[in-house]
Amino acid sequence: MRQGSPRAGPDRLMLAPAGAVPNNPRLPVLLHRGALAAEGDRAAAAEALFARHGWPPAWRDGIYRHHHYHPEAHEALAIAAGRVRVQLGGEGGPVLDLAAGDVVVLPAGTGHRNLGASPDLLVVGAYPPGQRVRAFTGRPGEREEAARTIPRTPDPPCDPVTGGPYPAAG
23 MRQGSPRAGP
33 DRLMLAPAGA
43 VPNNPRLPVL
53 LHRGALAAEG
63 DRAAAAEALF
73 ARHGWPPAWR
83 DGIYRHHHYH
93 PEAHEALAIA
103 AGRVRVQLGG
113 EGGPVLDLAA
123 GDVVVLPAGT
133 GHRNLGASPD
143 LLVVGAYPPG
153 QRVRAFTGRP
163 GEREEAARTI
173 PRTPDPPCDP
183 VTGGPYPAAG
């Protein structure tokens with residue numbers, strides 16, 4: 023299956039800490055619009071793309087409706103079907119409208135939640151190998167633990183869509 027042709031490169035978003043959500047102080051969120059071709063099985067295409075770049079696919083499902091983040095894992099989310107409105111970074115953070123074919127890559131600590139989705143939403147999730155995937159939601163003590171663990175989380179091995187180096191902020 024042929025991949026879509028993303029624009030010149032992904033959009034990059036740097037997110038400041040927001041209350042209980044730390045976000046990542048060094049790495050940007052990557053937004054690849056139209057990364058997956060419109061024809062064929064987008065879920066299988068996303069899984070193959072992620073696996074080819076060393077991000078083993080982990081699940082097919084949706085996105086939680088509550089703010090959460092992973093302090094010890096980077097996460098790639100491919101929208102395989104449907105549409106979803108996602109808020110990044112915690113309360114007051116940017117809101118993205120994502121559609122089938124889009125991929126968003128969240129560095130460790132990046133808050134995200136589903137603000138509403140079409141009934142046919144299907145998301146493929148992937149993480150770099152060996153990362154501990156725990157979801158923090160703002161419970162007491164989590165922010166302090168995240169402040170210690172996020173900097174120790176190894177940088178992503180690459181951009182899971184292009185296979186190129188994961189870009190730094192800027």
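For the sequence shown, counting from 1, position 104 maps to 126 in this note's numbering; every step adds exactly one. C-beta: ideal position from N, C-alpha, C; glycine also. As the structure is a computational prediction, the values presented were derived from the model and not from experiment.
Beta-bridge partners of residue i, as assigned by DSSP
i      : result
Met96  : The identity of residue 96 in the sequence shown is His, whereas the question assumes Met. According to DSSP, which records beta bridges pairwise, His96 is partnered with nothing at all.
Leu144 : Ala103
Ala193 : This structure gives no information on residue 193, because the portion of the chain shown stretches from 23 to 192.
Val126 : Leu53, Leu99
Val183 : Answer by DSSP bridge pairing: none, since Val183 is not bridged.
Gly138 : Arg107
Val43  : Ala40
For residue j and residue i, the rounded distance between their alpha carbons
i      : j      : result
Ser27  : Leu37  : Per-residue confidence for Ser27 stands at a pLDDT of 42, beneath the threshold of 50, marking its modelled position as unreliable; no derived number is given.
Tyr86  : Tyr188 : 25 Å
Asp177 : Ala130 : 9 Å
His75  : Cys180 : 7 Å
Arg107 : Arg170 : 30 Å
Gly41  : Arg161 : 12 Å
Arg29  : Ala190 : For Arg29, the predicted model reports a pLDDT of 47, less than 50, meaning its position is unreliable; a value from the coordinates is still stated below. Whole-angstrom Cα-Cα distance: 19 Å.
His134 : Leu52  : 13 Å
Gly111 : Val43  : 7 Å
Asp83  : Leu118 : 18 Å
Pro193 : Ser140 : What is shown of the chain runs 23 to 192, which leaves residue 193 out entirely.
Glu167 : Val183 : 30 Å
Arg105 : Gly123 : 10 Å
Ala157 : Pro39  : 17 Å
Ala59  : Gly163 : 42 Å
Pro173 : Ala65  : 31 Å
Continuous alpha helix (DSSP H) stretch holding residue i: start and end
i      : result
Arg87  : No alpha helix (DSSP H) contains Arg87, which DSSP labels as neither H nor E.
Ala68  : 64 to 74
Arg170 : 164 to 171
Sub-7 Å separation of residue i and residue j beta-carbons
i      : j      : result
Leu128 : Gln109 : no
Leu144 : Ala100 : no
Ala80  : Gly147 : yes
His96  : Pro32  : no
Ala57  : Val125 : yes
His92  : Val155 : yes
Gln153 : Glu94  : yes
Cβ separation of residue i and residue j, assumed to be a contact under 8 Å, to the nearest whole Å
i      : j     : result
Thr159 : His90 : 5 Å
Delimiting residues of the beta strand (DSSP E) encompassing residue i
i     : result
Arg83 : This sequence places Asp at residue 83; Arg is not what is there. Taken as a continuous stretch (DSSP letters only), the beta strand (DSSP E) holding Asp83 covers 79 to 83.
Leu37 : Counting along the chain, Leu37 falls outside any beta strand (DSSP E), and DSSP gives it neither H nor E.
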